[in-house]
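Please read the structure below before turning to the comments.
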Amino acid sequence: MRRQIAVGLAATLALFGCGGVPDEAKDSERWTTALQEAIEPLPHVANLVDVGYSLQGPFNSNQAWIGGAVWSDTDDEAVNLSLLDDVGRAVANAMVENPIADSWVRIKVVSASGDGFELSELGLTGTVTLDDLAVHYDIPRQK
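With our numbering applied, the sequence shown covers 396 to 538.
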């Protein structure tokens with residue numbers, strides 16, 4: 396019985412917690428830097444707050460998370476929606492070579508007065524992934 400439990404646990408860890416992620420995907424610093432360098436120079440970007448990339452954890456090691464807030468220097472709604480579109484495109488371009496198929500994106504633009512603009516305002520619904528952004532902007536991913 397103990398042997399069966401050990402084999403089951405080893406199989407579970409092999410499937411969900413160990414291996415399967417290319418080394419370049421594990422380099423959170425590299426991908427965070429790429430994201431920040433792609434977004435910071437955009438017009439009307441005042442500040443980046445917690446914009447970054449990370450892998451989820453031992454049971455979701457094949458899934459990455461891209462998140463954070465891009466603070467704008469204006470309250471103009473049209474400008475902030477345009478900035479949101481630019482941010483989405485910048486994320487898609489910065490992550491073209493990221494090999495993780497299931498990378499969730501939760502990044503938003505925040506106006507100078509604190510109003511938030513989400514990716515859903517670009518027509519992207521549900522849980523947005525890098526693949527969704529790539530399709531939306533017609534930017535092929537190289538995974």
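Cβ atoms here follow ideal geometry from the backbone N, Cα and C, with glycine treated the same way.
Predicted, not measured: the structure shown is a model, and the values here were computed from it.
- A distance of 9 Å or more separates the beta carbons of Leu-517 and Met-490.
- If the five residues before and after Leu-437 are omitted, its C-beta is found closer than 6 Å to the C-beta atoms of Asp-481, all from its own chain and listed in chain order.
- In the three-state reduction of the DSSP assignment, Val-530 falls in the helix class.
- Beta bridge pairing from DSSP links Thr-524 with Trp-499.
- A distance below 6 Å between beta-carbons, with the five flanking residues on each side excluded, links Gln-537 to the following residues of its chain, in chain order: Val-491, Glu-492.
- Residues Phe-512, Glu-516 of the same chain have their beta carbon placed closer than 7 Å to that of Leu-476, with the five preceding and five following residues left out of the count.
- With contacts defined as CB atoms closer than 9 Å, Ser-423 and Gly-447 qualify as a contacting pair.
- The beta carbon of Trp-466 sits closer than 6 Å to the beta carbons of Ala-441, Asn-442, Val-505 from its chain, once the five residues preceding and following it are set aside; these are given in chain order.
- Between the C-alpha atoms of Leu-478 and Trp-426 there is a straight-line separation of about 21 Å.
- Note on geometry: alpha-carbon atoms of Gln-458 and Arg-501 lie some 13 Å from one another.
- Secondary structure of Ala-507 (DSSP, three-state): coil.
- Residue environment analysis places Asp-470 among the exposed positions, since fewer than 16 neighbouring C-beta atoms fall within 10 angstroms of its C-beta.
- Comparing alpha carbon positions, the residue from Ala-529, Lys-503, Asn-488, Ala-507 closest to Glu-432 is Asn-488.
- In this chain, the alpha helix (DSSP H) harbouring Leu-478 covers 472 to 489.
- Annotation: Asp-497 to Asp-527 spans about 10 Å, alpha carbon to alpha carbon.
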